[in-house]
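The sequence shown lines up with residues 1 to 453 when you count with the UniProt record's numbering. Virtual Cβ for every residue (Gly too), placed ideally from N, Cα, C.
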Amino acid sequence: GKPLLTEYDALNDTTSPTLHIELRQTTKLRYYQKRALSRIFHNGRARSGIVVLPCGAGKTLLGIAACALIKKSTIILTSNSVSVEQWRVSLLQFSTVDPAQIVVLTSDAKSRLPDGPCIVCTTYTMISFSGQRSELAEEATNQIRARDWGLLIFDEVQFAPAPAFRRVTEQCRSHCKIGLTATLVREDNLIDDLHWMVGPKLDEANWQELQKNGFLARAKCSEVWCPMTLEFYRAFNHTVLRKLWTCNPNKLRACEYLIQFHEARGDKVIVFSDYLMALKVMAVSLKRPFISGDVPTAERVFILNKFKTDPSEKTIFLSKVGDNAIDIPCANVVIQISFNYASRRQETQRLGRILRPKPGLQQHSQYNAFFYSLASQDTPEIIYADKRQQYLIDQGYAYQIISLNKLPLEKANLVFSDPEKQKELLHSILISADSDDGSDVEVSTTYATESVL
């Protein structure tokens with residue numbers, strides 16, 4: 001059947017206290033954001049539902065604009081504590097809300113809710129967690145459960161149907177629910193549950209139209225095919241299969257070359273790897289900073305801010321924690337050396353890290369953003385890579401295939417061209433006792449292990 005369409009007459013709601021919030025005069029909405037708002041607010045009533053906007057197209061501002069129109073207490077749910085802070089900063093940047101009315105609730109920051117109307121920025125985990133909490137966290141969540149909320153914003157709404165987070169709609173009683181996402185896809189069958197959890201899809205922007213109008217960077221997508229080295233291919237067995245194709249030295253050499261090439265152009269590069277050994281080996285060998293699930297929030301913020309503001313910091317390595325809701329507008333190159341099997345969502349989110357509009361096109365190129373997916377040939381990784389691309393292909397993107405022999409690797413001075421380095425890496429993989437894939441635990445469970453104590 002069709003999803004239930006709920007409407008909220010916020011203007012005539014005299015029982016809920018009014019939140020004094022307006023968009024600043026300097027805050028300007030783009031035409032597609034105005035269109036999305038018109039789909040949410042119909043005949044003076046707010047409709048619950050989902051808006052799909054590309055990464056970098058201004059989903060946060062759209063959510064703040066919706067809050068400014070409803071003018072009632074609001075909960076904003078997002079996927080991690082870094083993005084909670086980004087929402088807080090954006091609220092102060094784009095709106096006139098009193099800073100004292102913004103409550104941040106994460107594993108690192110907890111406080112009581114004020115008596116009057118307020119905006120709570122928190123994570124899915126903080127609300128849905130059912131285990132033992134600290135006294136302050138328990139008090140704050142009890143206050144949230146006891147209140148009547150005007151608006152509930154689901155940032156990265158595709159996470160909401162996850163088994164760990166489904167209790168969120170029960171914990172937060174709200175008149176209007178708005179889901180924001182760039183990727184309304186999941187690899188399980190739970191995405192349709194959003195129809196009754198949140199509401200129907202109200203609006204979806206056209207990626208190519210936004211790119212043509214300058215609201216998204218012009219991104220070139222490439223898949224680099226990397227043959228397995230003979231030593232790594234000989235070592236194939238079911239226990240370490242994925243680790244071997246991930247750490248294929250030819251793939252690491254290609255990554256290192258692309259880093260050198262783009263750093264020389266003055267680009268800002270993000271390297272993604274789900275597999276932590278590959279992430280840390282490359283980051284340490286190349287003397288570049290990295291962020292994984294076990295890096296504390298304060299250190300993550302420091303590393304990200306340095307990358308954004310320091311011209312000498314040109315490359316950063318990220319595990320899965322960088323996939324969602326992290327704002328790095330300066331980045332214009334993504335290289336992924338390890339990924340979550342056939343996840344279309346992850347592919348799209350990673351491209352989204354570089355889609356914020358850039359100042360201008362380079363004179364020597366029609367593109368100002370570059371996305372590389374590195375895959376080991378003659379392994380299942382090639383099949384996964386093909387499936388991952390389907391959502392972006394549906395949005396009008398095309399992938400160029402680049403063979404490794406087209407890159408001048410022999411002319412470059414590369415750490416991972418050293419045979420001894422390759423043998424050392426292979427030995428480390430083979431002696432690893434665990435049979436798991438070595439992925440970042442924090443996010444492989446969709447942030448469910450984030451501390452709430």
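Quiz item: If we count the other Cβ atoms within 10 Å of its Cβ and call it buried at 16 or more, is Ile383 buried or exposed?
Solution: Stepping through the sequence shown from its first residue, residue 383 is reached at position 383. With fewer than 16 Cβ atoms within 10 Å of its Cβ, Ile383 is classed as exposed.
Quiz prompt | Cβ contact check for the region 373-392 and the region 324-340: 3 or more pairs under 8 Å | solution = Touching, yes.
Practice problem: Would you tell me roughly how many angstroms separate the C-alpha atoms of Pro359 and Pro17, rounded to the nearest one? | Solution: Walking along the sequence shown from the start, residue 359 turns up at place 359. Walking along the sequence shown from the start, residue 17 turns up at place 17. Going by the C-alpha atoms only, they are around 42 Å apart.
Practice problem: Compute the Euclidean distance between the alpha carbons of Gly293 and Ile402, then round it to the nearest angstrom. | Solution: Here residue 293 refers to the residue found at position 293 of the sequence shown. Here residue 402 refers to the residue found at position 402 of the sequence shown. So the alpha carbons of these two residues sit roughly 31 Å apart.
Quiz item: Whole-angstrom Cβ separation of Ile191 and Pro161, contact assumed at under 8 Å?
Solution: To locate residue 191, count along the sequence shown from 1; it is residue 191. To locate residue 161, count along the sequence shown from 1; it is residue 161. Cβ-Cβ separation between Ile191 and Pro161: approximately 7 Å, consistent with a contact (criterion under 8 Å).
Self-check item: Assigned secondary structure, Leu113 (DSSP; H/G/I helix, E/B strand, else coil)
Solution: Within the sequence shown, residue 113 is the residue found at index 113, counting from 1. If DSSP states are grouped into helix, strand and coil, Leu113 belongs with coil.
Practice problem: Let me know the secondary structure DSSP gives Gly179 once reduced to three states. | Solution: Taking the first residue of the sequence shown as position 1, residue 179 is located at position 179. Of the three classes helix, strand and coil, the one that applies to Gly179 here is strand, per DSSP.
Quiz item: Helix, strand or coil: how does DSSP classify His42 here?
Solution: The residue you call residue 42 lines up with position 42 of the sequence shown. The answer is strand: DSSP assigns His42 an E or B state.
Quiz item: Would the beta-carbon of Ser48 fall within 7 Å of that of Thr6?
Solution: Position 48 of the sequence shown, counted from the start, is the residue given in the question as residue 48. Position 6 of the sequence shown, counted from the start, is the residue given in the question as residue 6. Yes, Cβ-Cβ distance for Ser48 and Thr6 is below 7 Å.
Quiz item: When the distance is taken between beta carbons, is Leu426 closer than 7 Å to Glu231?
Solution: For the purposes of this step, residue 231 is taken as the residue at position 231 of the sequence shown. For the purposes of this step, residue 426 is taken as the residue at position 426 of the sequence shown. For Glu231 and Leu426, yes; Cβs fall inside 7 Å.
Quiz prompt | Nearest to Asn80 (by Cα), restricted to the options Tyr275, Lys320, Ala278 and Asn405 | solution = In the sequence shown, residue 80 corresponds to position 80, counting from 1. It is Lys320.
Practice problem: Report back the beta-carbon spacing between residue 455 and Asp323 to the nearest angstrom; my notes put them in contact at under 8 Å. | Solution: Nothing in the structure corresponds to residue 455, since the chain is present only between 1 and 453.
Practice problem: Quick one: give me the first and last residue of the beta strand (DSSP E) that Val295 is part of. | Solution: For the purposes of this step, residue 295 is taken as residue 295 along the sequence shown, with counting starting at 1. Premise fails: Val295 is in no beta strand (DSSP E) and is neither H nor E.
Quiz item: If you count every other CB in all the chains shown that lies within 10 Å of the CB of Ser111, and 16 or more means buried, which is it?
Solution: Taking the sequence shown and counting its residues from 1, one reaches residue 111 at position 111. So Ser111 counts as exposed.
Quiz item: Does DSSP put Leu286 in a helix, in a strand, or in coil?
Solution: Walking along the sequence shown from the start, residue 286 turns up at place 286. Look at Leu286 here: in three-state DSSP terms it is coil, with no helix or strand label.
Exercise. List the residues that DSSP assigns as beta-bridge partners of Trp149.
Key: The sequence position of residue 149 within the sequence shown is 149, counting from 1. Answer by DSSP bridge pairing, in chain order: Ser174.
Quiz item: Which residue from Lys268, Gln346 and Val301 puts its Cα closest to that of Ser312?
Solution: Taking the first residue of the sequence shown as 1, we reach residue 312 at position 312. Residue Lys268 holds the alpha-carbon nearest to the alpha-carbon of Ser312 among Lys268, Gln346 and Val301.
Self-check item: Cβ neighbours of Gln171 in the same chain (closer than 6 Å, five flanking residues each side left out)
Solution: Within the sequence shown, the letter at position 171 stands for residue 171. Cβ neighbours of Gln171 beyond the five flanking positions: Ile127 and Arg145.
Quiz item: How about Thr183 and Gln158: are their beta carbons less than 7 Å apart?
Solution: Against the sequence shown, residue 183 aligns to sequence position 183. Against the sequence shown, residue 158 aligns to sequence position 158. Yes; because the gap between Cβ atoms is below 7 Å, this pair is in contact.
Quiz item: If you draw a straight line from the alpha carbon of Arg234 to that of Val415, how long is it in whole angstroms?
Solution: Here residue 234 corresponds to residue number 234 of the sequence shown, with the count starting at 1. Here residue 415 corresponds to residue number 415 of the sequence shown, with the count starting at 1. Straight-line Cα distance between these residues: approximately 22 Å.
Quiz prompt | Cβ-Cβ separation, Leu151 to Ile70 (assumed contact under 8 Å), whole Å | solution = In the sequence shown, the residue the question calls residue 70 occupies position 70. In the sequence shown, the residue the question calls residue 151 occupies position 151. In this structure Ile70 touches Leu151 by the C-beta definition: roughly 5 Å separates them, less than 8 Å.
Quiz prompt | Option nearest Gln25 by Cα separation, candidates Ile102, Phe290, Ala65 and Ala46 | solution = As a first step, residue 25 is located in the sequence shown; it is residue number 25 there, counting from the start. Just measuring C-alpha positions, the residue of Ile102, Phe290, Ala65 and Ala46 sitting nearest Gln25 is Ala65.
Quiz item: How far does the beta strand (DSSP E) with Val198 in it reach, from first residue to last?
Solution: Looking up residue 198 in the sequence shown gives position 198. First-last for Val198: undefined, no H or E at that position.
Quiz item: Expressed to the nearest angstrom, what Euclidean distance is found between the alpha-carbon atoms of Met277 and Asp188?
Solution: Taking the first residue of the sequence shown as 1, we reach residue 277 at position 277. Taking the first residue of the sequence shown as 1, we reach residue 188 at position 188. So the two alpha carbons sit approximately 27 Å from each other.
Quiz item: Can you tell me the Cα-Cα spacing of Gln400 and Trp245, whole angstroms?
Solution: Indexing the sequence shown from 1 puts residue 400 at position 400. Indexing the sequence shown from 1 puts residue 245 at position 245. So the two alpha carbons sit approximately 21 Å from each other.
Self-check item: Euclidean distance between Cα positions of Pro200 and Tyr32
Solution: Here residue 200 refers to the residue found at position 200 when the sequence shown is read from its first residue. Here residue 32 refers to the residue found at position 32 when the sequence shown is read from its first residue. Rounded to the nearest angstrom, the two C-alpha atoms are 18 Å apart.
Quiz item: Should the region 55-64 be called in touch with the region 79-96, which here means at least 3 C-beta pairs below 8 Å?
Solution: Yes, since at least three Cβ pairs between the region 55-64 and the region 79-96 fall closer than 8 Å, the two stretches touch.
Quiz item: Which residues does DSSP pair with Pro60 in a beta bridge?
Solution: Taking the first residue of the sequence shown as 1, we reach residue 60 at position 60. Reading the sequence as shown, one finds Thr at residue 60 and not Pro. DSSP, once it has assigned bridges, lists no residue as partnering Thr60.
Self-check item: Range covered by the alpha helix (DSSP H) that runs through Gly49
Solution: For the purposes of this step, residue 49 is taken as the residue at position 49 of the sequence shown. Boundaries for Gly49: no alpha helix (DSSP H) harbours it, while the beta strand (DSSP E) harbouring it runs Gly49 to Val52, taken from the DSSP string.
Practice problem: Can you grab the Cα-Cα spacing for the pair Glu410 / Val271, in whole Å? | Solution: Reading the sequence shown from its first residue, position 410 is the one you call residue 410. Reading the sequence shown from its first residue, position 271 is the one you call residue 271. Distance from the CA of Glu410 to the CA of Val271, rounded to the nearest whole angstrom, comes to 22 Å.
Quiz item: Span of the beta strand (DSSP E) holding Gln400?
Solution: Taking the sequence shown and counting its residues from 1, the one referred to as residue 400 is at position 400. Start and end: Tyr399 to Ser403.
Practice problem: Return the chain-ordered list of same chain residues with a C-beta closer than 6 Å to the C-beta of Ala369, the five sequence neighbours on each side being excluded. | Solution: For this step, residue 369 is matched to residue 369 along the sequence shown. If the five residues before and after Ala369 are omitted, its C-beta is found closer than 6 Å to the C-beta atoms of Ala217, Ala219, Asn332 and Ile354, all from its own chain and listed in chain order.
Quiz item: Mind checking whether Arg345 and Val82 have CB atoms under 7 Å apart?
Solution: Locating residue 345 in the sequence shown gives position 345, counting from the first residue. Locating residue 82 in the sequence shown gives position 82, counting from the first residue. No, the Cβ-Cβ distance between Arg345 and Val82 is not below 7 Å.
Practice problem: Identify whether Lys358 lies in helix, strand or coil by the three-state DSSP scheme. | Solution: What you label residue 358 is simply residue 358 of the sequence shown in a count that begins at 1. Lys358: coil per DSSP, three-state reduction.
Quiz item: If we count the other Cβ atoms within 10 Å of its Cβ and call it buried at 16 or more, is Trp87 buried or exposed?
Solution: Residue mapping note: residue 87 aligns to position 87 of the sequence shown, counting from 1. Residue environment: Trp87 is assigned as buried (16 or more neighbouring CB atoms within 10 Å of its CB, all protein chains considered).
Quiz item: Can you list the beta strand (DSSP E) stretches of 3 or more residues lying completely in the region 321-392, in chain order?
Solution: Entirely contained in the region 321-392, the beta strand (DSSP E) runs reaching 3 residues are, in chain order, 333-336 and 369-376.
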